[in-house]
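What follows is a set of notes on a single structure, which appears directly below.
Structure follows, in structure tokens:
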């Protein structure tokens, strides 16, 4: 009868990519038989179709009908939905929250980590710490537990403690390297942490300009000019126009090699930024000192 006709119409709507019409019909049929596996299967099918095409269509569907599918039996689909909903705001947070309460320990850990970052970035420290506390309660392998503890300390602005824990991680991820880098920038000179950060970067084989610049600055702050020189040069090989690296390297080399540093400071002095002006001043000071030492005044 009538339901059969609706069912045929749903198939037609899906075929014509009228996903919203199909989903609305399914919702009405589901209301007559709440918990009907068949209707939930069909809703999942419609959303899967939408996900294959324009992602914005899927996001739009999820906003209206997604809660129907937040059920343990739909977990594989919910994990796919999470990836498709990334960076969409509240819907993404809602799905992560569901996963953090209902999924496996591994997926819960990932979701809680993501929620922690979202809350931290939005300034909601209380929620960030709550998510971290939940992560801590999960039965986690060694590295994951260290990551969680390090993040808790970082969120609480105890950067030294965060570093102590992060450098104990055996297999560093990109996120671990970022956390160590940021903690080093926020904490007093810590040679052990700087050397661990250097090792983590070497092992990862995928350091960014930002990573190497932080390492060069850390060595510079420790007074390790050889280490600083090597990494400022590395930064300039990746980003030849990096003025901070040029200026800093020029300053380091002023002690080591006048010719090379003069060339670098001259390079960094082209233009009108603060670093340009500092470079010009450093170059001028160098030349004055040279003339004084040669008795040309």
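In the working numbering, the protein residues as written are 0 to 296.
Heads up, the beta-carbon is just placed ideally off N, CA and C, and yes, glycines get one too.
Nothing here was measured: the structure is a model prediction, and the numbers come from that model.
How many angstroms separate the CA atom of residue i from the CA atom of residue j?
i           : j           : result
residue 208 : residue 60  : 40 Å
residue 21  : residue 27  : 10 Å
residue 173 : residue 126 : 24 Å
residue 37  : residue 50  : 20 Å
residue 82  : residue 109 : 12 Å
residue 201 : residue 241 : 22 Å
residue 258 : residue 252 : Low confidence applies here, because residue 258 scores a pLDDT of 47, under 50, leaving its location unreliable; read the following figure in that light. In a straight line, the C-alpha of residue 258 is about 9 Å away from that of residue 252.
residue 264 : residue 103 : The predicted position of residue 264 is uncertain, since its pLDDT is 49 and thus under 50; a value taken from the coordinates is nonetheless stated next. Approximately 56 Å, taken between the alpha carbons.
residue 111 : residue 133 : 8 Å
residue 5   : residue 25  : 9 Å
residue 88  : residue 43  : 21 Å
residue 250 : residue 222 : 12 Å
residue 3   : residue 35  : 15 Å
residue 171 : residue 225 : 25 Å
residue 29  : residue 23  : 10 Å
residue 151 : residue 32  : 46 Å
residue 40  : residue 114 : 29 Å
residue 239 : residue 117 : 34 Å
residue 7   : residue 18  : 14 Å
residue 192 : residue 227 : 15 Å
Give me the Cβ distance between residue i and residue j, rounded to the nearest whole Å; I'm assuming they're in contact under 8 Å.
i           : j           : result
residue 232 : residue 248 : 7 Å
residue 183 : residue 215 : The Cβ separation is near 12 Å, so there is no contact.
residue 84  : residue 45  : Not quite, the Cβ-Cβ distance comes to about 16 Å (not below 8 Å), so this is no contact.
residue 146 : residue 168 : 7 Å
Going by the CB atoms, is the gap between residue j and residue i shorter than 8 Å?
i           : j           : result
residue 137 : residue 107 : yes
residue 90  : residue 65  : yes
residue 131 : residue 149 : no
residue 77  : residue 94  : yes
residue 154 : residue 124 : yes
residue 162 : residue 176 : no
residue 194 : residue 244 : no
residue 158 : residue 186 : yes
residue 188 : residue 210 : no
residue 101 : residue 135 : no
residue 79  : residue 52  : no
Since residue i is in the alpha helix (DSSP H), which residue starts that stretch and which ends it?
i           : result
residue 180 : 173-185
residue 7   : 1-14
residue 117 : 104-120
residue 127 : 124-136
residue 46  : 36-51
residue 189 : Where residue 189 is concerned, there is no enclosing alpha helix (DSSP H), given that its DSSP letter is neither H nor E.
residue 302 : With the chain covering only 0 through 296, there is no way to say anything about residue 302.
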